[in-house]
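Engineer: Below: one structure in structure tokens.
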Amino acid sequence: MDGNGRWALARGTLRADGHRAGVDAVRVIVRECVRREIGALTLFAFSSENWRRPPDEVLGLMSLFVESLEAEIPELQSNGVRLRFIGERAELDARLRASMASSEQLTAANARLALQVALSYGGRGDILGAARRLALQVERHQLTAAQIDEDTFAAALALAGLPDPDLFIRTGGEQRLSNFLLWNLAYTELYFTECLWPDFDAHAFDAALQHYATRQRRFGLTAEQIEFASVADA
Ligand code: FPP
265 MDGNGRWALA RGTLRADGHR AGVDAVRVIV RECVRREIGA LTLFAFSSEN
315 WRRPPDEVLG LMSLFVESLE AEIPELQSNG VRLRFIGERA ELDARLRASM
365 ASSEQLTAAN ARLALQVALS YGGRGDILGA ARRLALQVER HQLTAAQIDE
415 DTFAAALALA GLPDPDLFIR TGGEQRLSNF LLWNLAYTEL YFTECLWPDF
465 DAHAFDAALQ HYATRQRRFG LTAEQIEFAS VADA
């Protein structure tokens, strides 16, 4: 969700107002996912590298997360959204951690949309954490090195149990992953748009989905193999 700062700058207002407008865009896109029966959405709200931002901005973002969480729970509940957080919780302040835990508990039984919010998250840290957890199991003789395959590794990552994302959307014009879900994005279709996150609305989301619909997902196979398999399936 990139571009909040530039959106604010273009209006002669504070970056904090851009982040607030970003929360409105989150609400719109979550509703769109529910309406379109999309099963899972993972939002990159704060990276492990974002801690290096000016302390005022970091503090403002943390308060905004607490405030938004508390305000949005009723709508998430009524829309059947299950909310979970990924990232290094220990680095977040106690009030935010408490709101995160209670919103996860409150929405745990919902099943329409699995919504993951990445806070203090980094893809490399996620992979390192998984490697350490598996190494510990090996040290304890609960697992052998030979048993570590893609499935056991994926099950030790933050998005364990969820399918790999079909589509990655980055707003704000930059064309990079910035340490998001590095393992899980191996075969994900990538979509980059100049649209700034606060302007990313149902129409812009539709354009991203239209782009996705034109992609042929080959997962290493040839175009001919894919076409043959779809004729055989039909
Ligand atoms: C990047 O834009 C955006 C962030 C670091 C914050 C994203 C957070 C939100 C949209 C709020 C989401 C809230 C919840 C509850 C999920 P930027 O500041 O880097 O923009 P710039 O590149 O234009 O400066």
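265 is the number of the first residue of the sequence shown in the numbering used here; add one for each residue after it.
Cβ atoms here follow ideal geometry from the backbone N, Cα and C, with glycine treated the same way.
#1: So, are the CB atoms of N443 and R388 less than 9 Å apart?
#2: Quick one: what's got a C-beta closer than 8 Å to A280's C-beta in the same chain, skipping five residues either side?
#3: Determine the DSSP secondary structure at S442, reduced to helix, strand or coil.
#4: What does a CB cutoff of less than 7 Å around D357 pick up in its chain, not counting 5 residues either side in sequence?
#5: Do D266 and G436 count as a contact pair if the criterion is CB distance below 9 Å?
#6: Can you tell me whether D390 is buried or exposed, with buried defined as 16 or more other CB within 10 angstroms of its CB?
#7: So within the segment 342–390, which uninterrupted beta strand (DSSP E) runs reach at least 3 residues, ignoring any that extend past its ends?
#8: Considering just the uninterrupted stretch of the alpha helix (DSSP H) at R434, what are its terminal residues?
#9: Kindly indicate which three-state DSSP category E313 falls into: helix, strand or coil?
#10: Measuring only the C-alpha atoms, how far is A362 from Q369?
#11: Tell me which same chain residues have a C-beta within less than 8 Å of the C-beta of L398, skipping the five on either side of it?
#12: Have a look at A422, D465, L445, L454 and flag the residue whose alpha-carbon is nearest the alpha-carbon of I433.
#13: Could you tell me which of Q474, A410, G351, I293 sits nearest to L532, measuring between CA atoms?
#14: Residues in its own chain within less than 8 Å of F310 by CB, not counting five upstream and five downstream?
#15: Taking C-beta to C-beta, are L460 and R295 nearer than 9 Å?
Structural biologist: So, to answer that:
#1: The sequence position of residue 443 within the sequence shown is 179, counting from 1. The sequence position of residue 388 within the sequence shown is 124, counting from 1. The answer is yes: Cβ separation under 9 Å.
#2: What you label residue 280 is simply residue 16 of the sequence shown in a count that begins at 1. So the list reads A272, E321, G324, L328, once near-sequence residues are dropped.
#3: Numbered from its first residue, the sequence shown carries residue 442 at position 178. Correct three-state label for S442: coil.
#4: Taking the sequence shown and counting its residues from 1, one reaches residue 357 at position 93. Closer than 7 Å at Cβ, skipping near neighbours: M326.
#5: On the sequence shown, position 172 is the one that residue 436 refers to. On the sequence shown, position 2 is the one that residue 266 refers to. D266 is positioned such that its CB atom lies closer than 9 Å to that of G436.
#6: Along the sequence shown, one-based indexing puts residue 390 at 126. Label assigned to D390: buried.
#7: If we require 3 residues or more, the beta strand (DSSP E) runs fully inside the segment 342–390 come out as 345–350, 377–385.
#8: Working through the sequence shown from its first residue, we reach residue 434 at position 170. Taken as a continuous stretch (DSSP letters only), R434 belongs to no alpha helix (DSSP H), being part of the beta strand (DSSP E) at 431–434.
#9: Numbered from 1 along the sequence shown, position 49 holds the residue referred to as residue 313. Three-state DSSP puts E313 in coil, outside helix and strand.
#10: Locating residue 362 in the sequence shown gives position 98, counting from the first residue. Locating residue 369 in the sequence shown gives position 105, counting from the first residue. The C-alpha of A362 lies about 11 Å from the C-alpha of Q369.
#11: Translated into the one-based positions of the sequence shown, residue 398 becomes position 134. If the five residues before and after L398 are omitted, its C-beta is found closer than 8 Å to the C-beta atoms of L407, I412, T416, F417, A420, all from its own chain and listed in chain order.
#12: By 1-based counting over the sequence shown, the position of residue 433 is 169. Nearest to I433 by alpha-carbon distance, out of A422, D465, L445, L454, is L454.
#13: What the structure shows of the chain is the stretch from 265 to 498, and residue 532 is not part of that stretch, so it cannot be assessed.
#14: Translated into positions along the sequence shown, residue 310 becomes position 46. Cβ-Cβ distances below 8 Å link F310 to L325, F329, G351, A382, L383, S384, Y385 in the same chain, with the five nearest sequence neighbours on each side left out; the list follows chain order.
#15: Taking the sequence shown and counting its residues from 1, one reaches residue 460 at position 196. Taking the sequence shown and counting its residues from 1, one reaches residue 295 at position 31. No, Cβ-Cβ distance for L460 and R295 is not below 9 Å.
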